[in-house]
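Q: I am attaching a structure below and will ask some questions about it afterwards.
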Amino acid sequence: MIYSVIMAGGKGTRFWPVSRESRPKQFLPVVEKKTMIQATLERTSLLAPPERTLVVIGAEHESLAREQLPSVPPENIIVEPVGRNTAPCVALAAAIIHKRHPGAIMAVFPADHVMAYPQKLKDAALALASALETEEDKLATIGIAPAYPETGYGYIRQGKKLEGAVHNVQGFTEKPDMETAKGYLGSGEYLWNSGMFFWKTTAIRAAIEKYAPELASAMKPLEEAVDTPGFVDALASVYPTLPSISIDYAIMEKGAADGLALVASADPGWSDVGSWRSLYDLIPSDTNGNRAHGELISVDSTGLLVHNTKRLVAAVGVRDLIVVETDDAILILDKEKAQDVRQVIEEINRRKIKGLL
């Protein structure tokens, strides 16, 4: 039995100025007419119906989630009272699923990714699900073959090949600098860390006990309250006390060191749309390599990404720029420095400029 978990608590700051705190990118129709979270639910439904899908969401976006995902049962939209990163999110979802169906497989997905070929994702997911039937203690993930050197993703180093596209994981690495990312690309051994995970509830709960005992201990009263009238109150009192830590750092890196991690490589046309650079590959190009979501006039210009909603953008004699126009802000940056949008966010915060985040 497979359950899906959609993690939808991100703020999408690297996608500013389109993504804002009140409506981050997972609730926006960035690439297609559906919003990103609606497209994610459509993909996860290939593995589990909405009745077996949990959506973990921040309190400030609860109404958006319920509005955009009407097929998900109300009790399956789990509202975090505060953000606590991905490890507590996974621990919470695992507790709920384990209470309802002990030993079920959890398939965990971020809400704000894009996939052109969801059937390929399903194939990789089912390969991992099959492997987990015999490797019940393993912690699995999907890795994406890198298309270019990217400094905004973590990487997975593949180890021994098992069946089909499934390998043992030799190790996880943090987001590299550009030279290291180029080396990873050339080696053929590394995959992008997609942030999609697969495991049995028994396996992830045991791993949390082993590698994150502080989290496991703090979760106990919340686990006991799952699917009881006291759950909301327990969530409000317990969740803010949980350590804020990522599932990669808390569990996956340590599990890989102990030989417990598996990875299946896939090429589903994936992007986390984590930066404007990643969106460049998702929009059709003109003959000069310019890509526009809106009206663009380009003269002697190549490699542009333009995202505009109301005003015409005209470019003359420029190369490899990203231009984003919204009602109250315009962003212009070098395409290869898309990750540096976070510095703009920091400066807005430093200047205490109101209404732009």
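No gaps in the numbering here: position 75 of the sequence shown is 75 in this note's numbering, and each next residue is one more. Here a beta-carbon is modelled for each residue, glycine too, at the ideal position from N, C-alpha and C. What you are looking at is a predicted structure, and each value in this text was computed from that prediction instead of being measured.
Measuring CB to CB, does T13 end up less than 8 Å from S19?
A: yes
Q: Extract the residue ranges of the beta strand (DSSP E) inside the region 78–142, only unbroken runs of 3 or more that lie entirely within it.
A: 105–110
Q: Excluding five sequence neighbours on each side, which residues of the same chain lie with their C-beta closer than 6 Å to the C-beta of A264?
A: A124, A127, L128, I142, A165 and V166
Q: Ordered along the chain, which non-local residues of its own chain (more than five positions away) have a Cβ less than 6 Å from that of T202?
A: G103
Q: Which residue's Cα is closest to the Cα of Y184: M196, G171 and G195?
A: G171
Q: Based on the DSSP output, what are the partners of G171 in its beta bridges?
A: R157
Q: Which two residues bound the contiguous alpha helix (DSSP H) that contains F15?
A: No alpha helix (DSSP H) holds F15; DSSP gives it neither H nor E.
Q: Using CA coordinates, which residue listed in N288, E179, F198 and E136 is at the minimum distance from E150?
A: E179
Q: Pull up the DSSP beta-bridge partners for V56, would you.
A: For V56, which the question treats as bridged, DSSP gives the partners M7 and I78.
Q: To the nearest angstrom, how far is the alpha carbon of D281 from that of G83?
A: 30 Å
Q: Which word fits A93, buried or exposed, when buried means at least 16 other C-beta atoms lie within 10 angstroms of its C-beta?
A: buried
Q: Should G10 be labelled buried (16 or more other beta-carbon atoms within 10 Å of its own) or exposed?
A: Taking a 10 Å sphere around the C-beta of G10, we find 16 or more other C-beta atoms and assign the residue as buried.
Q: Using the C-alpha atoms, what's the distance from V344 back to R319?
A: Rounded to whole angstroms, R319 and V344 show a C-alpha spacing of 21 Å.
Q: In the DSSP assignment, find the unbroken beta strand (DSSP E) run with L331 in it and report its ends.
A: I330 to D334 is the extent of the beta strand (DSSP E) around L331.
Q: For V357 and K161, I'd like the C-alpha separation in whole angstroms.
A: One point to set straight first is that residue 357 is Leu, not Val, in the sequence displayed. C-alpha of L357 to C-alpha of K161: approximately 45 Å in a straight line.
Q: In the structure shown, what three-state DSSP assignment does V72 receive?
A: Three-state DSSP puts V72 in coil, outside helix and strand.
Q: Please state the DSSP three-state secondary structure of K220.
A: Here K220 sits in helix by DSSP.
Q: How many Å lie between C89 and T287 at the Cα?
A: 44 Å
Q: Where do the N-terminal and C-terminal ends of the beta strand (DSSP E) with F197 fall, by residue?
A: Here the beta strand (DSSP E) through F197 covers Y190 to K200.
Q: Nearest CA to the CA of G274: which residue from R43, R311, I105 and S194?
A: S194
Q: Whose CA, out of A95, L54 and E67, lies closest to the CA of N76?
A: L54
Q: Could you work out which residue in V72, E214, E62 and A181 is closest to V5 when comparing CA atoms only?
A: V72
Q: Going by DSSP, name the residue or residues bridged to V166.
A: A264
Q: Since I322 and L305 are thought to touch, with beta carbons under 8 Å apart, how far apart are those beta carbons, to the nearest angstrom?
A: 5 Å
Q: Quick one: Cα of V56 to Cα of K254, how far?
A: Between the alpha carbons of V56 and K254 lies a gap of roughly 24 Å.
Q: In whole angstroms, what is the alpha-carbon distance linking H307 and A315?
A: The alpha-carbon atoms of H307 and A315 are separated by roughly 13 Å.
Q: Quick check on E325: does DSSP put it in helix, strand or coil?
A: E325 sits in a strand when the DSSP states are folded into three classes.
Q: According to DSSP, is N349 helix, strand or coil?
A: helix
Q: Tell me where the alpha helix (DSSP H) around R277 begins and ends.
A: W276 to Y280
Q: Along the chain, where does the alpha helix (DSSP H) that runs through I37 open and close?
A: M36 to T44
Q: Going by Cα to Cα distance, which pick from W270, D267, I251 and H61 is closest to P261?
A: Strictly speaking, residue 261 in this sequence is Ala, with Pro absent from that position. Residue I251 is the option with its Cα nearest to A261.
Q: Just the C-alpha distance for W192 and V341, rounded to the nearest angstrom, thanks.
A: 21 Å
Q: Under the three-state reduction of DSSP, which class applies to R342: helix, strand or coil?
A: helix
Q: Can you round the beta-carbon distance between M7 and V108 to whole angstroms, since I take them to be within the 8 Å contact cut?
A: The pair is a contact, with the Cβ atoms about 7 Å apart (cut-off 8 Å).
Q: By the 10 Å Cβ neighbour count, where 16 or more other Cβ atoms means buried, how is S298 classified, buried or exposed?
A: buried
Q: Please tell me whether G154 and D248 are closer than 8 Å, where the distance is taken between their beta carbons.
A: yes
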